[in-house]
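Structure first, commentary second.
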Amino acid sequence: MISRLTSPQAVKRALTLVLSLSLFPVVSALSGCSDSQVNVKADSALVSTKATEGSHEPIWPNDDPSIPDGKGIYEKQNCASCHGADGKPLEGKSKIDFSDKAWARKQKPVEQYDFITFGKKAGEAVEHPVVRDKLRPSEIWNLVFYVRSLSTPPLTDAEIAELDPVFGANCAVCHGKKGYGNGPLMKANTLQPLPANFQSFPRFYDRDDETLWDHIANGIKWEGMPNFLGKEDRRNKAKFDEPYIWRMVGYIRHFHESNKTEIATREAAKKEAAEEAKSH
């Protein structure tokens, strides 16, 4: 008798009975057995716009954003009708001057992405239309970096080639020749914290250019990043004064932006991969 009562089936039946009895008053109350009524607000009051408009978490691009492709989007979306063809705002249309270096150097790419994607509603300090339903995330990133280029054009291939040996002699030992943070000093994992990976979108799209300049010029205390302001690389004839460090900021940016179309960038990547495969 005891074994039957304590069997799993018996226990399950007993629990079901207890739950049914305990829930009966609640079900009765909700079904109208009492005089109290359940008041349901209008659907619109129950729906949170924050929940339905989508997450503000950025969707990172798969490839380096293309500045030339961003220019095409700028033109197609008629951004110039407010911001001007050269980034200088039209009177009464916008207060932001995209061509202003001082302003642009304080802007984080990820914040510009958020601003363009989700816009600013009427009544806020700044108004801007929403484009998340018109453009893919990759197109928005292209647009972001084109807007940034209106104040500081990207380095040309010739300028990048000129700075390659300077980066190689002073930075690549920690950050790696291609900026992945995998330089020779990382072979034994001796550096803590790890050197920055300039190819990391989440990290460097959350940095404005002023911050990058400060890190190169003044270093980062307790993190092993040396200061370069006032120093000189005689072999490569480079003097790290203020303007030259701004050029190095542009060089760091070239690791996560492109001065070529997406198609040209992919073709260049394929060619580079093929050449590396041959060398091994």
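Residues -29 to -1, 1 to 251 in mature numbering (1 follows the signal peptide of the UniProt record, and there is no 0) are what the sequence shown lists, from first letter to last. C-beta: ideal position from N, C-alpha, C; glycine also.
{"Check": "Taking the continuous alpha helix (DSSP H) assigned at residue 40, which residues delimit it?", "Outcome": "38 to 47"}
{"Check": "Classify residue 185 as helix, strand or coil using the three-state DSSP reduction.", "Outcome": "helix"}
{"Check": "Is it the case that the segment 216 to 236 contacts the segment 150 to 170, given that we only count it when at least three CB pairs across the two stretches are under 8 angstroms?", "Outcome": "yes"}
{"Check": "Taking 6 angstroms as the limit between beta carbons, can you name the residues of its chain near residue 176, skipping five residues before and five after?", "Outcome": "80, 81"}
{"Check": "Looking at the structure shown, is residue 227 part of a helix, part of a strand, or coil, going by DSSP?", "Outcome": "coil"}
{"Check": "Please check the pair residue 32 and residue 85, which I expect to be a contact at CB under 8 angstroms, by giving their CB distance rounded to whole angstroms.", "Outcome": "With a Cβ gap of about 14 angstroms, residue 32 and residue 85 do not count as contacting."}
{"Check": "Report the three-state DSSP secondary structure of residue 30 (helix, strand or coil).", "Outcome": "coil"}
{"Check": "Got a sec, what are the start and stop residues for the alpha helix (DSSP H) residue 85 sits in?", "Outcome": "80 to 89"}
{"Check": "Is there at least one Cβ from chain C nearer than 7 angstroms to residue 49's Cβ?", "Outcome": "Here there is only one protein chain, and chain C is not present."}
{"Check": "Are three or more beta carbon pairs between the segment 180 to 199 and the segment 36 to 54 nearer than 8 angstroms?", "Outcome": "no"}
{"Check": "DSSP three-state call for residue 210: helix, strand or coil?", "Outcome": "strand"}
{"Check": "Residue 35: which of 108, 201, 46 sits nearest, CA to CA?", "Outcome": "108"}
{"Check": "Just how far apart, CA to CA, sit residue 247 and residue 174?", "Outcome": "27 angstroms"}
{"Check": "Taking all protein chains shown into account, do 16 or more other C-beta atoms lie within 10 angstroms of the C-beta of residue 113, making it buried, or fewer, making it exposed?", "Outcome": "buried"}
{"Check": "What are the boundary residues of the alpha helix (DSSP H) that includes residue 141?", "Outcome": "128 to 141"}
{"Check": "Using C-beta distances below 7 angstroms, list every residue in its chain close to residue 11, excluding the 5 sequence neighbours before and after it, in chain order.", "Outcome": "For residue 11, the predicted structure reports a pLDDT of 42, less than 50, and the residue's modelled location is therefore unreliable. The matter cannot be settled from this model."}
{"Check": "Below 6 angstroms, is the gap between the Cβ of residue 196 and the nearest heavy atom of the ligand HEM?", "Outcome": "The ligand HEM is not part of this structure, which contains no ligands at all."}
{"Check": "Within 10 angstroms of its Cβ, does residue 101 collect 16 or more other Cβ (buried), or is it exposed?", "Outcome": "exposed"}
{"Check": "So the candidates are 52, 158, 130, 117; which of them puts its Cα closest to the Cα of residue 221?", "Outcome": "130"}
{"Check": "Roughly how many angstroms lie between the CA atoms of residue 61 and residue 215, to the nearest whole one?", "Outcome": "33 angstroms"}
{"Check": "According to DSSP, what are the bridge partners of residue 99?", "Outcome": "91"}
{"Check": "Once DSSP output is grouped into helix, strand and coil, what is the label at residue 238?", "Outcome": "helix"}
{"Check": "Buried or exposed for residue 230, please, with buried defined as at least 16 other CB atoms from any protein chain shown within 10 angstroms of its CB.", "Outcome": "buried"}
{"Check": "Check for me: the alpha helix (DSSP H) holding residue 77 runs from which residue to which?", "Outcome": "Segment: none, residue 77 is in no alpha helix (DSSP H) and carries neither H nor E."}
{"Check": "Inspect the CB distances between the segment 152 to 170 and the segment 122 to 140 and report whether three or more fall short of 8 angstroms.", "Outcome": "no"}
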